[in-house]
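Quick notes on the structure that follows.
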Amino acid sequence: MLKLGKSSPFEEDVEKATNENNLSEDWSLIMHICDNATNYQDGAKFCLKAILKRLHHNVPRVVLQTLTLLDACVKNCDRKFLLQVASSEFVTEVRKLLGKETEKKQTAPVCTNPDVVTSQEEENDIIRGILF
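Using the numbering used here, the first residue of the sequence shown is number 11, and each one after it goes up by one.
Following this line, the structure appears as C-alpha cells:
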C-alpha cells in the first residue's frame with residue numbers, strides 16, 4: 011500500500027478515484043479506500059488528509075468527485091473516521107477552503123448598470139417569493 015513519492019499511503023488511490031479524466035465514479039475503488047481507512051492504523055487520518063488535498067484542486071469535477079468520496083467514507087467508515095471529520099483541524103481547513111470561494115465572489119466585478127441592477131433585484135424578489 012505504501013508508495014514512494016507520496017506523502018500519504020492514500021494519496022495514489024484518492025487521486026485515481028478523483029481523477030479529472032474519470033467519466034463516472036469508480037465505486038470499487040471508493041469502497042477499497044473506505045476499507046483501508048478503517049483497517050489500517052491511522053488510516054482515517056491519512057485518508058482524510060489526502061481527501062483535503064484534493065478538495066483544493068482547481069478543476070470542479072475533481073472537487074465534486076472528492077466530495078462523493080468523502081460522503082462515501084463518512085457513510086462507510088468507522089468511528090475513527092467520523093472523529094477525524096469532526097476534528098477542529100478538518101473544520102478549520104474546510105472553513106479556509108470556503109473562505110477562498112467567498113473572497114473570489116467578493117472580488118468579482120460589480121455591474122453598475124441600473125437596468126441590470128433592477129433586473130437582479132426583481133429576480134431576487136421572485137426567488138424570495140418562491141422560497142418563502
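Positions of the beta carbon are idealized from the N, C-alpha and C atoms, including for glycine.
Keep in mind the model is a prediction, meaning the values are calculated, not measured.
Check Q94 in the structure and name its three-state DSSP category.
helix
Need the endpoints of the alpha helix (DSSP H) that H42 sits in, please.
37-49
Let me know if E21 comes out buried or exposed under the rule of 16 or more other beta-carbons within 10 Å of its beta-carbon.
buried
Using the three-state DSSP reduction, which class does P70 fall into: helix, strand or coil?
helix
Does the distance from the CB of F100 to the CB of L58 come in under 8 Å?
yes
State the Cα-Cα distance for the pair D45 and A82, rounded to the nearest angstrom.
11 Å
Kindly examine the ligand GDP and report whether one of its heavy atoms sits closer than 7 Å to the Cβ of S38.
For the ligand GDP, the structure offers nothing, since it holds no ligand at all.
Could you give the DSSP three-state label for C57: helix, strand or coil?
helix
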